[in-house]
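The structure appears below as structure tokens.
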């Protein structure tokens, strides 16, 4: 749990009853909930309050939730849970592709939303345990995950150097600094994408199953239940990662798919 600081969440929902319910759930979970009735109001609220968490309805007046998610992702790494009455797989995929970290269909049980929120907070707690020297308040002022261009270290392997950087084929990631770059250029990643990439890089050439990656996103240990939807979410996040890294799935430089099992970092290349 974050201490010494109020946890802020933005609720973007046009239905006043649902908006009040979400605010009550979040308040009970220890958040200060900031309501917004339209997509534009929500974008402005995220920009102003820099929340840890944002709940986002898909069907909004004006611009829909997918476009709202894309605009939020241009300046914030708030954890986005998209809520919708649409339960088709394509809607879930569109939400994750737009930049959402999680997707929950309506009607939902309050305890299910609480479980998603608690999983997100467990991931935060794990991150701070990796690098406790970083003030937790930094996340509320965070911009998308980037790092200024700097020369890549050599040799180019997935072993961490003395400053905590993992490198592979020109790609670098630092779990302590929460930063990533590719051939010296900044890479913008969502929280989920960053966590998945960091897990793969730390695993070197070890194959990591979709179930393990899904549990990593939920902040849970092995043995917990993983649904087909959880596995599909991992696939979507991986597809988004590949697109941002301009990685060819048939001849990967960074992320290799092991069919029927999961993923691993691709073979090192001589530079």
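In our numbering, the protein residues as written are 26 to 296.
In this text, a Cβ means the ideal position worked out from N, Cα and C, and glycines have one as well.
Would you grab the beta carbon distance between residue i and residue j for me? Rounded to a whole angstrom, and I think it's under 8 Å.
i           : j           : result
residue 82  : residue 101 : Wrong, their Cβ atoms sit about 17 Å apart, outside the cutoff.
residue 106 : residue 80  : 5 Å
residue 48  : residue 62  : About 12 Å separates the two Cβ atoms, so there is no contact after all.
residue 266 : residue 207 : That pair is no contact at about 11 Å.
residue 289 : residue 232 : 5 Å
residue 92  : residue 67  : Their Cβ separation, rounded to whole angstroms, is 11 Å, which puts residue 92 and residue 67 out of contact at 8 Å.
residue 287 : residue 223 : No, residue 287 and residue 223 are not in contact; Cβ-Cβ is about 15 Å, not under 8 Å.
residue 127 : residue 136 : Their Cβ separation, rounded to whole angstroms, is 15 Å, which puts residue 127 and residue 136 out of contact at 8 Å.
Assign residue i to one of three DSSP states: helix, strand, or coil.
i           : result
residue 283 : strand
residue 291 : coil
residue 206 : strand
residue 58  : strand
residue 147 : helix
residue 77  : coil
residue 35  : strand
residue 181 : Residue placement at residue 181 cannot be trusted, given a pLDDT of 49 that sits under 50; what the coordinates show is reported in the next sentence. Coil at residue 181, not helix or strand.
residue 109 : strand
residue 255 : helix
residue 233 : strand
Taking the beta carbon of residue i as the centre, do at least 16 other beta carbons fall within 10 Å, making it buried, or is it exposed?
i           : result
residue 275 : exposed
residue 226 : buried
residue 194 : buried
residue 283 : exposed
residue 36  : buried
residue 291 : buried
residue 272 : buried
residue 285 : exposed
residue 32  : buried
Report the rounded CA-to-CA distance for residue i versus residue j, giving the unit in angstroms.
i           : j           : result
residue 55  : residue 293 : 45 Å
residue 201 : residue 86  : 40 Å
residue 198 : residue 240 : 21 Å
residue 262 : residue 221 : 8 Å
residue 70  : residue 248 : 38 Å
residue 189 : residue 211 : 17 Å
residue 43  : residue 75  : 22 Å
residue 46  : residue 264 : 34 Å
residue 95  : residue 234 : 28 Å
residue 209 : residue 131 : 43 Å
residue 256 : residue 277 : 21 Å
residue 191 : residue 253 : 31 Å
residue 125 : residue 90  : 10 Å
residue 99  : residue 41  : 27 Å
residue 88  : residue 134 : 27 Å
residue 115 : residue 129 : 13 Å
Considering only C-alpha positions, which residue in the set the options is nearest to residue i?
i           : options               : result
residue 259 : 203, 190 and 118      : 118
residue 53  : 219, 286, 248 and 143 : 143
residue 78  : 60, 88, 65 and 91     : 60
residue 217 : 242, 141 and 257      : 242
residue 214 : 145, 123, 130 and 234 : 123
residue 39  : 84, 32 and 273        : 84
residue 245 : 146, 111 and 32       : 146
residue 280 : 257, 253, 34 and 228  : 228
residue 51  : 139, 103, 90 and 89   : 139
Cβ of residue i versus every heavy atom of the ligand GTP: is any distance shorter than 8 Å?
i           : result
residue 263 : The ligand content of the structure shown is nil, which means the ligand GTP is not present either.
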